[in-house]
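J.:
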Amino acid sequence: MDSIFATIGSYIEWDVKSLLLFVVVFIITADYIKNRRPVGFPPGPRAFPIVGNIFTLDQNRAHESLMQLAKKHGNVYSIRFGQRQAVVLNGFEAVKEGLATKGDSTVDRPDFPIQEEVGNGLGVIFSNGNIWKQQRRFALSTLKYFGFGKKSLEPVILDEFTYCAEEIRAYKAKPFNPYLVINNTVANIICQLVFGHRFDYGDEKFTKMTLLFDQVLQIEVSVWVQLYNSFPLLMRCLPGPHQTFKRLWNDVKNFIREEMNEHKKTWDPSDPRDYIDCYLNEIQMNQGQDDNTFDEENLIMCVLDLFVAGSETTSTTLRWAFLYMAKYPEIQEKVQAEIDRVIGQSRQPCMEDRANLPYTDAVIHEIQRMANIAPLSLPHATNKEVQLGGYTIPKGVLIIPNLASVLFDETEWETPFTFNPGHFLNKEGKFVKPAAFIPFSAGKRLCLGENLARMELFLFFVSFMQHFSFSMPAGAQVVMDYRFGVTLAPKPYDICITSRQDHI
367 MDSIFATIGS
377 YIEWDVKSLL
387 LFVVVFIITA
397 DYIKNRRPVG
407 FPPGPRAFPI
417 VGNIFTLDQN
427 RAHESLMQLA
437 KKHGNVYSIR
447 FGQRQAVVLN
457 GFEAVKEGLA
467 TKGDSTVDRP
477 DFPIQEEVGN
487 GLGVIFSNGN
497 IWKQQRRFAL
507 STLKYFGFGK
517 KSLEPVILDE
527 FTYCAEEIRA
537 YKAKPFNPYL
547 VINNTVANII
557 CQLVFGHRFD
567 YGDEKFTKMT
577 LLFDQVLQIE
587 VSVWVQLYNS
597 FPLLMRCLPG
607 PHQTFKRLWN
617 DVKNFIREEM
627 NEHKKTWDPS
637 DPRDYIDCYL
647 NEIQMNQGQD
657 DNTFDEENLI
667 MCVLDLFVAG
677 SETTSTTLRW
687 AFLYMAKYPE
697 IQEKVQAEID
707 RVIGQSRQPC
717 MEDRANLPYT
727 DAVIHEIQRM
737 ANIAPLSLPH
747 ATNKEVQLGG
757 YTIPKGVLII
767 PNLASVLFDE
777 TEWETPFTFN
787 PGHFLNKEGK
797 FVKPAAFIPF
807 SAGKRLCLGE
817 NLARMELFLF
827 FVSFMQHFSF
837 SMPAGAQVVM
847 DYRFGVTLAP
857 KPYDICITSR
867 QDHI
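Sequential numbering of the sequence shown, starting at 367, is according to the working numbering.
1. Find the nearest neighbour of R820 within the set Y694, I863 and A675, judged by alpha-carbon distance.
2. From F504, Y694 and N786, pick the residue whose C-alpha is nearest to that of I649; which is it?
3. Can you tell which of L583, L509 and I739 has the C-alpha that lies nearest to the C-alpha of R639?
4. Assign M433 to buried or exposed, taking buried as 16 or more other Cβ atoms, counted over all protein chains shown, within 10 Å of its Cβ.
5. F836 lies in the beta strand (DSSP E); which residues open and close that run?
6. Which of the three DSSP states, helix, strand or coil, is assigned to F504?
7. Within a Cβ cutoff of 7 Å, which residues of the same chain sit near C716, ignoring the five residues on either side of it in sequence?
8. Report the residue ranges of all alpha helix (DSSP H) runs contained in full by the stretch 711-792; include only those spanning at least 4 residues, in chain order.
9. Is DSSP giving G851 helix, strand or coil here?
10. What do you get for I870, buried or exposed, if any count of 16 or more other CB atoms within 10 angstroms of its CB means buried?
11. So if DSSP puts R450 in a beta bridge, which residue, or which two residues, is it bridged to?
12. Could you tell me the distance, in whole angstroms, from the CA atom of R623 to the CA atom of I697?
13. Which ranges would you report for the alpha helix (DSSP H) in the stretch 620-656 if only whole runs of at least 4 residues count?
14. Specify, as a first and last residue, the run of the beta strand (DSSP E) that T864 falls within.
15. Just list the residues that DSSP pairs G418 with in beta bridges.
16. Please list, in chain order, all residues of the same chain as A452 whose beta carbon is under 6 Å from its beta carbon, the five residues on each side excluded.
17. When the Cα atoms are used, what is the spatial distance from T528 to V522?
18. Over the uninterrupted alpha helix (DSSP H) stretch that includes Q584, give me the two end residues.
19. Could you check if D634 is buried or exposed, using at least 16 other CB atoms within 10 Å of its CB as the buried criterion?
20. With DSSP collapsed to three states, give me the class of F542.
21. Report yes if the C-beta of Q653 is less than 8 Å from at least one heavy atom of the ligand ZN; otherwise report no.
22. Decide if the stretch 727-747 is in contact with the stretch 473-481; the criterion is three or more beta carbon pairs, one per stretch, under 8 Å apart.
23. Mind checking S507: buried by the 16 CB within 10 Å criterion, or exposed?
24. Going by beta carbon distance, what residues of the same chain come within less than 6 Å of I759, once the five residues before and after it are set aside?
25. Report yes or no: do the stretch 423-431 and the stretch 843-852 share at least 3 C-beta pairs separated by less than 8 Å?
26. In terms of residues, what are the limits of the alpha helix (DSSP H) holding F458?
27. Would you mind stating whether C668 and V490 have Cβ atoms separated by less than 9 Å?
28. On the CB-based measure, 16 or more other CB atoms within 10 Å of its CB, does F371 come out buried or exposed?
29. Pull up the distance between the alpha-carbon of K574 and that of I534, whole angstroms please.
30. Quick one: what's F797 bridged to in DSSP?
31. For F621 and N549, what's the separation of their Cα atoms in angstroms?
32. Based on DSSP bridge pairs, tell me the residues matched to L455.
33. What separation, rounded to the nearest whole angstrom, lies between the Cα atoms of T777 and E459?
34. As a quick exercise: from N792, G755 and D719, pick the residue whose alpha carbon is nearest that of K468.
35. Pop quiz: N419 and P411 are said to be a contact at Cβ under 8 Å. What is the actual Cβ separation, rounded to whole angstroms?
36. Label E822 either buried or exposed according to how many other C-beta atoms from any shown protein chain fall within 10 Å of its C-beta, with 16 as the threshold for buried.
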């Protein structure tokens, strides 16, 4: 009898093993059939079943991993994130074709599950179709009305610098981490355009909001979010940074909602004070229209997007600028000498000075190129079949423009991996901007805050160099390593910022 039970038990055990083996083979086969590259699709690295290439990339240096893969597979190649096919564009020519020449076919944003949960397809950055067209048009026209990219915004930026300079001088040239001061300074510009007022640097809610942006932009490109976008049903049930991501975005939205509700108490449709007032007017005027996309939830998402577009890029670039000036004191001195000669020590700079500060302008652009703060831009998606790099890309495919590969393209830059302001100067020493300089991306999805960022970078950088000198604390070396996220931020550092007035 015992032998009979043993035989039955052995049979059941092998039957379970056979079933498991069958399930595994079935899943792998189904995954292979489903994700076979279509005819004419770009080649790419071999992908693991189910998860694709999520775990084959270095998540801390994804843009560099993608540049390495281009050496083997070409400047247009495919890669898989879970069950989603993506095409990576590397080098100036491929990126230009994908975003500009054939940009109408790649203008959409992909429908990422985590973004859908956070933003519901609203706002400016991750919306598509009629929502995107209406919201972007309104945002650009309204911000322009309040001085966006115009001379009238210069005093706002320069006044904010005086608050920032006061904060910095309080450290009396002792080492400190400039992160919060710079982030608050830059964020206050967009605050005045959107909220109609600035915040004190000691304001706890304001400081918390700027810190939240830093966290979410880092988590957003993590493996956790990639897994969430690939397997949303499973990941919704699991703990991890992806849950923190959703909670932090909700905290930011609540901060904006409070500002909106305060506006509504004193809102006068005949006298709009800022972006929120204008948006509330638009909600009122568009009620009942069939194609209306203006409501309070969209207002909150648009304001959130404006903060990301209008402050994160500039503040991160300025923090890199401090490091580059400390690393290359001879370049710092040359910039200061040009500023002293053209502007002097007493007058504030203005945008008209740019034409007379070619070397300074070249240094600003080289900082942007080397800092490479948006290495993978934001993802695009094809809205119809398109030919890219000689390959056929079907509708609905994720497009990743590797901007880092353009800013370091060896066929476009004389010394791509060396800090060299000469990249932006001709033989006569006049400023020139090569076509491959696209830190704000290209095409119809060009960064919404580009004009503001360019104005802020010039006025802030020139003001800093006019009034301060930058150096590392005694015994410390300049570390140029980055922390990967949607933006490439320098790793936290301390720096000494010395007032030049004390030495002139």
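Every residue gets a Cβ at the ideal spot worked out from N, C-alpha and C, and that includes glycine.
T.: With the structure as the only source:
1. A675
2. With distances taken between CA atoms, I649 lies nearest to F504 out of F504, Y694 and N786.
3. L509
4. buried
5. F836 -> beta strand (DSSP E) spans F834 to S837.
6. helix
7. E520
8. 724-737 and 769-773
9. coil
10. Low local confidence applies: a pLDDT of 45 at I870 is under 50, so the model's placement there is unreliable, and no value is given.
11. F447
12. C-alpha separation (whole angstroms): 45 Å.
13. 641-652
14. C862 to S865
15. F414 and F447
16. I445, L764 and I766
17. Distance between the alpha carbons of T528 and V522 is about 10 Å.
18. E570 to I585
19. Exposed is the call here.
20. strand
21. Ligands are entirely absent from the displayed structure, and the ligand ZN is therefore not among its contents.
22. They touch, by the three-pair rule.
23. exposed
24. V453, T748 and V752
25. yes
26. F458 to K462
27. The Cβ atoms of C668 and V490 lie closer than 9 Å to each other.
28. With a pLDDT of 49 at F371, under the threshold of 50, the predicted position of this residue should be treated as unreliable, and no value is reported.
29. 20 Å
30. Its beta-bridge partners are L791.
31. 17 Å
32. Per DSSP, the beta bridge partners of L455 are V442 and P767.
33. 10 Å
34. G755
35. With a Cβ gap of about 6 Å, N419 and P411 count as contacting.
36. buried
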